[in-house]
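Below is one structure; the comments refer to it alone.
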Amino acid sequence: MDWGALLVTENGAPFITPQSIPLAMYSRKQAAIFSGGASTVISETFTAGRPVIPFVYTTVSCTTSYTVSGNTCTVTFKNAAGNGTAYVYFFTIFAQTLPSWGIAIWDEQGTCILTNETRVLTDVQAIGTNGSDSAGFSINTTLAGKYGIVPAMSGLATGVIMDGGTRPWSSQYFFSAVFNGSTTQIAQALTGGSAGSGVSNLVYHNMKNSVYALNLANYY
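So the sequence shown is numbered by the working numbering: it starts at 15 and just counts up by one.
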């Protein structure tokens with residue numbers, strides 16, 4: 015490399031900083047989730063044009079999705095299985111605050127991009143193999159510890175409601191990460207609930223995609 019610093023993570027992977035700024039934890043936010051179909055949102059504002067990645071977990075099953083508009087990232091929680099709490103860990107690229115002591119690294123523009131206090135996004139793991147029938151809404155796994163996931167849709171169920179006149183029915187699957195105090199279950203939640211007995215011609219559409227998870231032990 016022409017200049018900069020070469021560091022190694024705890025698992026032995028090289029961490030290279032020249033001509034780049036690492037994604038790092040920007041903030042952690044939490045909000046209550048209410049049952050009864052109410053939705054809850056958690057938002058954070060960033061420097062426009064910078065990548066933003068939220069990792070979320072909840073204490074009850076619910077759907078999670080997010081949007082980025084301008085300089086604001088908004089995470090939405092819906093269809094909670096009961097009263098609980100949602101947590102969002104936001105990661106982005108931003109200039110680091112100088113610590114009172116330790117290590118600081120600047121890029122060629124003079125921006126501090128890394129210090130000994132920076133919580134760099136690293137060791138993200140993919141759960142499920144893209145394109146596999148066992149991925150998408152088929153994922154249901156439990157991990158020891160507290161994990162967050164990047165919100166994503168995983169499938170769709172469609173059908174026809176015959177009661178009271180024929181009309182289409184659909185419900186989206188979203189990945190859900192539920193932490194019970196010791197383990198995290200990564201599974202599915204539906205936007206519109208289960209089909210029930212009143213839906214016929216039921217068809218499931220699996221996106222067969224991976225879900226990306228992060229061990230949050232290093233991000234308190």
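Don't be surprised by glycine CBs; every beta carbon is placed ideally from N, CA and C. Here the structure is a predicted model, which means the values were calculated and not measured.
Taken through DSSP and simplified to helix, strand or coil, N232 comes out as helix.
In the DSSP assignment, the residues bridged to S57 are T88. Sequence-distant partners of T59 (beyond 5 residues in either direction) whose C-beta falls short of 6 Å from its own C-beta, in its chain, are N85 and T86. In the DSSP secondary-structure assignment, G169 is bridged to Y187 and N220.
Take the alpha-carbon of T156 and the one of Q123: they are about 44 Å apart. Contact check for G150 against T198 fails: the beta carbons are separated by 8 Å or more.
A check of alpha carbon separations from F104 across A231, V192, Y234 and M39 identifies M39 as the nearest. Rounded to whole angstroms, the Cβ separation of T172 and F188 is 16 Å, and the two are not in contact under 8 Å.
Cβ neighbours of V89 within its own chain (closer than 7 Å, five residues either side excluded): V55, I56, P68, V70, T78, Y80, V102 and P165.
Within the stretch 128-175, complete beta strand (DSSP E) segments of at least 3 residues are found at 139-141, 155-158, 161-163 and 167-175, given in chain order.
When the Cα atoms are used, I153 and S168 turn out to be separated by approximately 9 Å. Judged by DSSP secondary structure, G98 falls within the beta strand (DSSP E) whose first and last residues are G98 to T106. In this structure, C76 sits near A94, with a CB-CB distance shorter than 8 Å.
Apart from the 5 residues on each side of it in sequence, T132 sits with its Cβ closer than 6 Å to the Cβ of A38 and Q110 in its chain, given in chain order. Here N130 is exposed: its Cβ has fewer than 16 other Cβ atoms, across all protein chains shown, within 10 Å. W120 has C126 as its beta-bridge partners, per DSSP.
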